Every structure is written in C-alpha cells, then in structure tokens.
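Here the sequence shown stands for residues 1 to 598, where the numbers follow full-length UniProt numbering.
The next block holds one structure in the form of structure tokens; read it before the comments.
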Amino acid sequence: MGIREYLKTKKLIADGAFGTYFSQINNTNETISERANLTNPELVLRIHSEYIKSGARLIRTNTFAANTRILGGTAAERDEIIRSGYRLAWEAVNRSGCKVFVAADIGPIPEDLHSEPAEIMDEYLRICDCFLECGAEVFVFETFPNVNYIKKIVKYIKEKNKDAFIITQFCINRYGYTKSGISASRLFAKAGSIEEIDAVGFNCGIGPSHLYQVLKKMKFETGKYVSAMPNSSYPEMLQDRMVYLDNIQYFGEKMQSISELGVSILGGCCGTTPLYIEETMKRIDFSPVDIGKMHMDREKTEPEAAVNNKFYRKLLNGEKVIAVELDPPYDAKVEKIMECANILKAGNVDILTFADSPMGRGRVDSILMSAKVGNEVGIPVMPHIACRDKNVIAMRAGILGGYINNIRNLLIVTGDPIPSGDRDETTSVFDFNSVKLMEFVKEMNVEHFSEEPIVYGGALNHGRANIDKEIERMQKKIEAGASYFLTQPIFSDEDVDRIHYIKSRVDTKILCGIMPLISYRNASFIKNEIAGIHVPKEIVDRYSPDMTREEGEATGVAIAREVMAKLGDVADGFYFMLPFNRVHLVEGMLKNEQKSRL
C-alpha cells in the first residue's frame with residue numbers, strides 16, 4: 001500500500017523532532033545531527049526506532065540541514081550524508097517490522113545578500129537527485145518561508161518520478177505569518193495551486209495552541225492533504241541551551257483538536273520527542289479526510305495601483321512629476337525643514353522625499369519625518385527605506401506605522417554602508433537587499449493594504465560600469481513590484497546617453513536626478529568624496545574658489561537646466577537633490593517649465 005492509498009483509509013502519524021531530540025540525548029559536542037549519519041549511525045537508528053515504536057508511520061530522514069552551506073563541506077560530503085541518512089531510516093523501518101513510510105527531508109538552504117538564486121536552486125536540485133538515486137518516493141520540504149524555490153523543485157521531482165508524494169510545509173509565527181510577511185492562508189492557497197504538491201502544511205516556529213488557532217480560521221479548499229507538525233512549545237534559554245517545556249499531555253490534547261479540523265498528517269517539530277508522538281497517537285480519531293470534497297480556494301490577487309495616489313496617477317498619465325529630496329535633521333529641530341516643505345507645497349512640487357540616514361549617519365527617521373510633513377503640510381511624501389538598519393520585525397512595524405500615517409509611496413534602497421570608523425559601535429543588519437524588501441512590501445500590499453496599496457520605486461545607478469547588469473537588476477526590481485526609478489545626479493552627456501539607452505530597453509518610469517552644485521568646494525567634494533556620483537572635470541571647472549554664494553548658485557542652476565534640456569522627453573520627471581535644503585534653487589531650475597510651479 002502506497003502513501004496515497006494509506007491516507008484514503010486513515011490519518012498518518014509522522015515522527016517528531018530529530019535535531020532537538022538528538023541534542024537532548026547526544027553525549028558529544030556535535031551540534032549538527034546530520035553529521036551523525038556518518039559519525040554515530042547507531043544513535044540515528046535509535047532515534048528513528050523510538051519514533052516508530054511510539055506509533056509514527058512516517059519518519060523523516062536525518063537530512064534537514066544536509067546542504068553545503070550548513071555542513072560547510074563539499075557536495076560529495078553532503079551526498080554521502082544524505083545517502084547514509086536515507087539508508088539508516090530504512091534500516092530502522094526494516095528492523096521494526098512495521099509498515100512505515102520514509103520521507104526525504106529537505107530544509108531551506110540559508111541565503112544572504114550575496115547569494116545567487118541560481119546557485120541555491122542548483123543545490124536543491126542536486127539534493128533531490130541524490131534522494132531520487134536512493135529510491136526516495138516521499139519528500140518533505142519543511143520550514144520554508146515561501147514557495148519561491150518550491151515551484152521549480154517539485155516540478156523537477158515529478159518529472160523524474162511522476163508517482164512521488166510531496167509534502168510542503170512552511171514556518172509561521174504565532175500570528176500566522178512567515179518571516180517574509182506572507183499569511184498562512186495565502187501561502188496555503190499558493191502552495192495548494194501548485195499541481196505537483198500533494199500535501200501542504202505548517203511546522204516549526206509555532207506551538208500547538210497557536211497553530212490550532214491559525215488553522216481554525218483557514219479553509220482547506222485546495223484539494224490537497226493538510227499536515228501539521230508544530231513545536232512542543234516556545235523555547236527559553238537556560239544556561240546557553242534552548243529548552244522546551246515538558247508538556248506532553250497538553251501537546252496531545254491540542255493535536256487532537258488540530259486533527260479534528262481536517263488535518264491528515266500529524267507530527268511534531270522542535271522540542272517534541274517519541275513521547276509526544278505516542279500521546280498524539282492515543283488521542284486522535286484516525287478516520288480519513290476526504291479531500292475529494294475540497295475545492296480550490298481562490299488565491300488573493302495583487303492589488304491594482306491606488307487610484308487615490310495623486311503622485312503616481314500623474315506619473316502614469318505621462319505628466320512630468322517633480323520630486324524634491326529634503327534631508328531630515330541630525331537633531332530634534334524641525335522648524336527649518338517644515339518651512340522648506342511649506343514653500344515647496346506652495347510651488348506645486350508633486351512629492352517630497354526624505355533620505356534614510358544617508359552615508360550611515362543617523363538622522364531623524366525617514367518614515368517619522370515623512371509622516372509629520374505629510375500630515376501637517378498636506379503634501380505627498382516618499383520616505384527612503386534602507387535595508388541597513390532594521391531587521392524583519394522592525395521593518396514590518398515601520399511600514400505599518402507609516403501606512404496608518406497616510407504614507408503611500410516609498411523609495412526602497414539597500415542603503416549606504418556604515419562608516420568604517422563607527423563599525424565597532426554600530427552594526428549593519430541587512431536582513432534584506434532592495435529586491436527582497438520590495439518583495440516583502442509586495443506581500444504586505446496583498447495582505448494588509450489591498451484597498452490602497454503602497455506604490456514603491458527603486459534606485460537606478462546609471463553610472464555602473466556594466467550598464468546591462470544594471471538593467472538586469474532593474475528588471476528584478478520591476479518583477480518585485482517597483483513602479484518607478486530615481487537616478488543618481490546626472491551631469492555629463494555620457495550620463496544622458498546612458499539614460500536614453502536604459503529607457504530604450506526597459507519599460508518603466510524614470511525620475512532623473514538633478515543636483516545643483518552650489519560652489520567650487522561643493523562640486524569638488526561631490527566629485528572626489530561621494531561614491532556613485534560622477535561629476536566631470538569640466539563641470540567643476542565652471543566654478544571658481546572666489547565665487548560669491550549667488551554666483552555659485554546661479555552656476556549650479558544653469559548647469560541643472562542644461563542637463564534637464566538634454567534629457568528632454570526621456571525623463572518622466574525630475575528628482576531634485578538640494579545641497580543644504582536650499583529650496584529656493586528649485587524656482588530657477590523650473591523656470592522653463594511650461595507650468596510655473598514656484
């Protein structure tokens with residue numbers, strides 16, 4: 001009897017945690033249980049055997065972390081651990097004399113900002129190849145945050161073995177969201193719409209009571225089997241060790257409640273042991289769930305662009321927009337910036353942007369500054385959101401806070417590095433890069449802001465040596481939901497030509513950066529000390545050290561107008577970066593605009 005036939009007759013009990021149970025009974029300093037497939041196979045056999053004895057009829061191979069990034073070894077060493085793990089699981093089954101299914105267990109491969117998705121995907125496929133060569137017919141992908149890699153992986157497996165049974169499980173928190181900000185219900189619908197997946201569920205990150213609450217609110221309308229493998233509880237640190245509560249009876253009671261919701265595959269994750277599985281076995285009704293009566297739940301669609309977003313509506317209509325960047329103060333004195341905002345509003349500037357502590361120097365928070373200006377002055381605002389300073393929790397909280405304060409536009413950037421002299425006291429976070437943060441906001445739009453979504457853009461480094469690579473990067477940002485791009489300051493004819501080249505290859509809106517340099521000193525500083533901005537020598541030569549303030553500003557405005565004229569219709573708007581918040585310069589730069597603004 002195969003696993004599909006089994007599930008038609010009764011619910012399936014899976015094993016519990018391997019890694020945390022291994023840590024509990026292991027007498028060595030080994031912290032990665034997968035290595036024990038080679039170094040301590042008898043302990044691996046013992047754990048599998050105890051779970052089978054407790055009633056588990058689905059055991060997962062001891063391979064959750066069997067990838068080169070966690071193991072730190074070669075692909076050959078990884079494959080040896082996988083093969084040994086698969087063999088040991090079947091050896092435990094054969095010793096038991098019971099009918100038990102063995103699932104190839106695959107966990108998420110860790111990624112960082114420098115990870116190449118193609119390389120990560122390739123390793124997933126090589127791991128699958130190794131299991132397929134071993135004869136694996138059941139696969140469990142667990143603790144995943146989203147379906148980004150899953151879609152291609154499961155299709156690959158089914159192409160190799162059309163009869164393979166694939167369980168996909170996601171890690172959610174007690175509130176029902178993944179670390180990517182996707183709700184359990186939406187993720188369930190997404191995974192359920194993937195034809196090659198046979199069962200969808202959740203594991204890790206959440207205890208049984210909260211998982212019950214999450215599942216109770218969901219509709220299992222995907223035509224897939226549902227799995228649930230919660231942690232035993234929420235852990236606490238005790239003498240530098242992660243410890244879980246001993247709550248076996250409570251866990252069994254909650255798993256009974258979970259099973260009554262229509263869950264077909266039940267097991268445990270971190271903190272659970274064979275005793276937890278035994279208690280679950282005693283309590284559940286094994287009557288099968290008829291998934292044939294379930295129908296596909298319609299997945300939430302991405303919201304349409306907000307019709308009430310005045311700035312974005314104007315941009316879509318083909319009208320040139322004017323954005324002006326103001327620098328939030330280093331201190332709590334905001335009178336000057338509020339005065340600047342009022343002046344710019346009176347001049348019909350379309351939107352104000354606020355940098356997020358540029359150059360890694362702390363200023364007033366860009367979201368809070370934007371909220372104050374937007375609400376008190378009544379002008380559209382666009383805070384810059386840098387990935388440098390906030391983790392996933394803080395980022396989500398900040399975006400939600402901005403939204404309830406009427407912020408509907410964002411500029412998402414990776415962020416300048418922290419100055420080297422400050423790194424002993426100040427650390428970067430970088431849970432995201434700009435593309436990943438855009439994907440995060442895209443999910444928040446679906447989950448929280450569907451009636452009036454946030455519109456966001458990205459930075460465009462037109463001066464990059466390999467301009468085609470920058471175009472590739474732009475395409476990734478567009479796929480992640482970016483609606484427009486703001487460039488670095490443009491000065492040279494070469495810069496203008498590059499914007500024309502980019503625009504001819506990418507269908508998107510571009511606000512061209514304009515920075516009026518106001519003195520010889522200012523021009524020299526930007527040219528020589530600010531990375532990413534190219535100021536040609538001939539521009540600097542138009543200034544002299546003995547210029548008056550008025551002469552310097554007039555030169556900067558004249559150069560800006562020349563650049564704007566050269567950009568012509570290729571620019572969908574202009575993005576003014578004003579040295580020292582000198583807003584009066586905007587009037588001169590817009591002098592030739594058909595519509596007077598200031």
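Glycine residues also receive a C-beta, built at the ideal position from the N, C-alpha and C atoms.
Predicted model, so just to flag it, every value in this text is computed and none were measured.
How long is the line joining the alpha carbons of residue i and residue j, rounded to whole angstroms?
i	j	result
Pro230	Arg313	46 Å
Arg521	Tyr543	9 Å
Tyr575	Phe311	13 Å
Lys333	Ile467	41 Å
Val455	Tyr225	37 Å
Pro108	Val289	29 Å
Tyr501	Val570	10 Å
Thr272	Gly16	5 Å
Arg35	Arg60	15 Å
Lys591	Pro380	22 Å
Leu585	Met474	31 Å
residue 623	Asn37	This structure cannot speak to residue 623, because the chain is shown only from 1 to 598.
Ile197	Met577	50 Å
Gly223	Lys190	12 Å
Glu253	Gly262	15 Å
Glu443	Ile182	6 Å
Tyr234	Glu111	25 Å
Ile490	Lys509	16 Å
Taking the alpha helix (DSSP H) that residue i belongs to, which residues open and close that run?
i	result
His210	208 to 216
Asp79	75 to 96
Arg69	68 to 71
Pro274	274 to 283
Asp468	467 to 479
Ser524	520 to 529
Leu567	549 to 567
Arg313	310 to 316
Can you give me the Cβ contacts of residue i inside the same chain, cut-off strictly under 6 Å, excluding the 5 residues immediately before and after it?
i	result
Ser357	Arg363
Ile167	Val140, Ala199, Ser227
Taking the beta strand (DSSP E) that residue i falls in, what are its first and last residues?
i	result
Val334	Premise fails: Val334 is in no beta strand (DSSP E) and is neither H nor E.
Lys509	509 to 514
Gly458	455 to 460
Pro489	484 to 489
Val201	Per the sequence shown, residue 201 should be read as Gly rather than Val. Note, Gly201: beta strand (DSSP E), 199 to 203.
Ile166	165 to 170
Would DSSP call residue i helix, strand or coil?
i	result
Val435	helix
Leu238	Reliability of the predicted coordinates at Leu238 is poor, the pLDDT of 48 falling under 50, and the value obtained from them is presented with this limitation in mind. Strand.
Tyr543	coil
Phe430	coil
Pro579	helix
Val263	coil
Ser183	strand
Tyr177	strand
Val535	coil
Ala228	strand
Gly573	strand
Glu221	coil
Ile322	strand
Arg505	helix
Ile194	coil
His584	coil
Val289	coil
Spatial neighbours of residue i within its chain, please: CB distance less than 8 Å, with the 5 preceding and 5 following residues excluded, ordered by chain position.
i	result
Arg498	His462, Gly463, Ile467
Ile471	Ile502, Arg505, Val506
For residue i, I'd like the list of residues in its chain whose CB is within less than 7 Å of its CB, leaving aside the five on either flank, ordered along the chain.
i	result
Leu12	Tyr6, Arg57, Leu58, Ser264, Ile265
Gln488	Asn461, His462, Gly463, Gly513, Gly532, Ile533
Arg83	Cys130, Cys134
Does the distance between the C-beta of residue i and the nearest non-hydrogen atom of the ligand MN fall short of 7 Å?
i	result
Thr273	This structure simply doesn't include the ligand MN, nor any ligand for that matter.
Quick check for students: name the residue ranges of the alpha helix (DSSP H) that lie wholly in the segment 327 to 413, counting only runs of 4 or more.
335 to 346, 366 to 377, 392 to 404
Every unbroken alpha helix (DSSP H) within the segment 1 to 78, with a cutoff of 4 residues, ordered by chain:
3 to 9, 19 to 25, 36 to 39, 41 to 54, 68 to 71
Quick one: complete beta strand (DSSP E) runs, 3+ long, within the segment 95 to 148?
101 to 106, 138 to 144
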